[in-house]
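Numbering (the working numbering), first residue to last: 103 to 949.
We put the beta carbon where it would ideally sit given N, CA and C, even for glycine.
Here is the structure we will look at.
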RNA sequence: GCGGGCGUGGUGGAACUGGUAGACGCGCCAGACUCAAAAUCUGGUACCGCAAGGUGUGUCGGUUCGAUUCCGACCGCCCGCACCA
């Protein structure tokens, strides 16, 4: 019998699925729905192993649910705006549009060769005018609803490239491309008001019970809610100063007030204080990198002002400017209580400010309790705090808050770490912001009828700065309000906006409004979303925000976009290097445990397994594996052995093993002889081999069904290995049973190796495709056996086993256990003190 | 520093709510087939020991008839956040 020819077979079945439109999904349906989605790719040019793993998992689930009778939505698109296209355009002189669409064409073909059951009729790219047109409409609706506003923002400005840089693009205070020292600039920018949803984005995390706990915790921390008190200090210059604290109980331990260098009052004071100006400049030199902050000393500058203690006007606290106070959190000003805050303590020790303990741990003596170099942040009772003395921390917090609220000097407030989302980017390859700047009317939104604002056909990258800003033909327009001359907003939206609602658009990709509500109501939420953990915070938080904002606008009915979330691990490979640096696996040959260069057989050092990356040159292209072995082999590899949430290591040996298993299934099916015609009633197994094979098949159905539903692909794979072993080991089973077992194996393997399954299915004599065949059901009666073998322990040590009737009573089991040779030996004639019988599981004898 | 996770054979990993540790795969060893190789098939493979037997899930301790699983302390590795008042 010929070996399985994956190349020919895969091509044939892909065309056949296409021809029969098996994966094209209607907008509605009567069947229960299941929306399976993998994070859509950026069209970088090639599919990599991470994509292959991600899309294989999603496809297995989609095919499985389809077989189970669900109406499955499984779409694909392209996250197509972004910087790499601009870089390619500048470096290669192509247009970002052409570059992007060429990449898409290439990657689409690669995905098709993976045999994914995608509904390609819904495909779109975020750079399609049709998509960003709808996104501009959404922007206007957000604007009208108050979810968008224009505000001042401190940004990282690269003076050479004339653009804003993201924090991660600033390396040691310099622009990553230009090397120029980055400036902090205040710019007027567009913001999405995500903080308006902070509270609900936080509380709703509790409802996402099919999300990884890890991701929920990360989001919780990112949102960072804290309850406290915002209150006022009266300053010596007559002004008032707002301060936020979560520890109002420690107010009598205050020894200074500190302002952020970026605080408006600091800025005001600096106008007439050259030394303060120097101090502020010094503070700004310290980068934002974590390591630097860690090392940075606490620095302060005494403004000469004082602040009156809110409970004692005669008690004056110095007002300092301190480098560790952040403008972005709370009010940008704090009161310092050194005894109970480590930063305040470090600061106080440096500037010799008083340190008074006001919270004393239970059992310690208030008089002798002293603070050394570590602040006390634990629980306890108040001391040295006048009317608070003796109270617990919580009582004191409440007391201070109540008194200051009564006095009109403060208010209980909730603060979030989460900031509003700055979406303006000075980039030409993004969704234009549909706003104009009119000399008379100011900032004016376009009318919906003026949309889309299309990107210019030609984008000029020959000079630095934002090409849209220089393209006067594009930039100059008329004001929709007054008809006078106006300029378009030349910024584009952060590409995270594009990916924040694409899954909603997929419900009806070509609707004339952003959302087809009927379709969205039917399909949403996404039942299973699959992607990398790297999106745990930003993308998933932004998408949750968009969904809530769109819900508020009546565009969708759901509050949460993703009912189930799964974060898959990375694909790794060994690294190799020699004197010249990293060496690619293609150039390496392995012999025994050692590696050598293919060309000159020079030894190569084998390094640790790392995420596949260009920089370490340890990338294997899925395309080469598909060319050598076929898509089913690479799919099977991605699912085997390693649990899907963990990092998987690609190995040649593993790939060959997968290929051998593909052939093994094919051999079992194609060499099967004497099978009855398909569809005939199954003969009741009369002999032992048949019965046991039938049981194996039905056990496999039960196990694989459960494992696939829980995304435990590695266990489903193991189940299929067991079933194939059982089939190979049962040549004596009757023909009907063998047919049933083979068919079961093929159907269970089909979501994972769909092409091979089709080929086998046809070989087994079926006219319909596997892709059209319902998922098998197991017969629970077959999983029951008449007898069970259970272990016998003596004092927790295994000494033997007994086989008893499934429904044997405890006394029978006990007697059988005590009669065991090993048990007798272990007991050495002594009478057991106690016998524990767990029916069907174990017997433990206590001697 | 704070938050979270993970430590099981040569290796990836199994082990449901505490109940036969090492399923299944990879690798390795031996054998069959072959002129030979590939492919395939058969058997073996936690460790110590000739064996009887003993020891084993990072370390130490606890709970239990019984612990990879629960609790405590420690060691190691990984991830996220980070001067958040």
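Distance CB(residue i)-CB(residue j) smaller than 8 Å
{"i": "residue 854", "j": "residue 826", "result": "no"}
{"i": "residue 247", "j": "residue 288", "result": "no"}
{"i": "residue 181", "j": "residue 144", "result": "yes"}
{"i": "residue 291", "j": "residue 524", "result": "yes"}
{"i": "residue 409", "j": "residue 361", "result": "no"}
{"i": "residue 490", "j": "residue 354", "result": "yes"}
{"i": "residue 871", "j": "residue 860", "result": "yes"}
{"i": "residue 889", "j": "residue 905", "result": "yes"}
{"i": "residue 423", "j": "residue 434", "result": "no"}
{"i": "residue 175", "j": "residue 137", "result": "yes"}
{"i": "residue 563", "j": "residue 602", "result": "no"}
{"i": "residue 97", "j": "residue 468", "result": "A question about residue 97 goes unanswered here, because the residues of the chain that appear run from 103 up to 949."}
{"i": "residue 276", "j": "residue 284", "result": "yes"}
{"i": "residue 610", "j": "residue 533", "result": "no"}
{"i": "residue 480", "j": "residue 141", "result": "no"}
Contacts around residue i, its chain only, beta-carbon distance under 7 Å, and the 5 residues preceding and following it disregarded
{"i": "residue 492", "result": "483, 484"}
{"i": "residue 217", "result": "112, 116, 733, 856, 857"}
{"i": "residue 932", "result": "949"}
{"i": "residue 720", "result": "675, 676, 677, 687, 712, 714"}
{"i": "residue 801", "result": "885"}
Range covered by the alpha helix (DSSP H) that runs through residue i
{"i": "residue 798", "result": "790-811"}
{"i": "residue 620", "result": "619-625"}
{"i": "residue 600", "result": "597-600"}
{"i": "residue 452", "result": "444-453"}
{"i": "residue 728", "result": "724-731"}
{"i": "residue 711", "result": "Where residue 711 is concerned, there is no enclosing alpha helix (DSSP H), although the beta strand (DSSP E) it sits in stretches over 705-713."}
For residue i, the three-state DSSP class (helix, strand or coil)
{"i": "residue 111", "result": "helix"}
{"i": "residue 351", "result": "helix"}
{"i": "residue 609", "result": "helix"}
{"i": "residue 145", "result": "coil"}
{"i": "residue 160", "result": "helix"}
{"i": "residue 691", "result": "strand"}
{"i": "residue 392", "result": "For residue 392, the pLDDT reaches just 39, beneath the cut-off of 50, and the residue's location in the model is therefore unreliable, although a value from the coordinates is still provided. Here residue 392 sits in helix by DSSP."}
{"i": "residue 924", "result": "helix"}
{"i": "residue 78", "result": "Only positions 103 to 949 of the chain appear in this structure, which leaves residue 78 out of reach."}
{"i": "residue 835", "result": "coil"}
{"i": "residue 616", "result": "coil"}
{"i": "residue 120", "result": "helix"}
{"i": "residue 403", "result": "strand"}
{"i": "residue 229", "result": "coil"}
{"i": "residue 760", "result": "helix"}
{"i": "residue 136", "result": "strand"}
{"i": "residue 570", "result": "helix"}
Delimiting residues of the beta strand (DSSP E) encompassing residue i
{"i": "residue 256", "result": "250-260"}
{"i": "residue 891", "result": "889-896"}
{"i": "residue 900", "result": "899-907"}
{"i": "residue 676", "result": "673-680"}
Nonlocal neighbours in the same chain, by C-beta distance under 6 Å from residue i, ignoring five residues either side
{"i": "residue 735", "result": "760, 761, 764"}
{"i": "residue 652", "result": "658"}
{"i": "residue 188", "result": "198, 531"}
{"i": "residue 797", "result": "884"}
{"i": "residue 955", "result": "As shown, the chain starts at 103 and ends at 949. That puts residue 955 outside it, with no answer to give."}
{"i": "residue 950", "result": "There is simply no residue 950 to check, as the chain begins at 103 and stops at 949 in what is shown."}
{"i": "residue 392", "result": "For residue 392, the pLDDT reaches just 39, beneath the cut-off of 50, and the residue's location in the model is therefore unreliable, leaving the point undetermined."}
{"i": "residue 162", "result": "853, 854"}
{"i": "residue 432", "result": "346, 517"}
{"i": "residue 839", "result": "787, 792, 795, 796"}
{"i": "residue 173", "result": "131, 133, 135"}
{"i": "residue 809", "result": "817, 818"}
Sequence-distant residues of its chain with Cβ nearer than 8 Å to residue i (five each side left out)
{"i": "residue 552", "result": "536, 582"}
{"i": "residue 379", "result": "372"}
{"i": "residue 952", "result": "A question about residue 952 goes unanswered here, because the residues of the chain that appear run from 103 up to 949."}
(request) Run through the segment 277-326 for me and flag every whole alpha helix (DSSP H) of 4 or more residues, listed as ranges in chain order. (result) 300-305, 315-325
(request) For the segment 163-193, list the beta strand (DSSP E) runs that are entirely contained and at least 3 residues long, ordered along the chain. (result) 173-175
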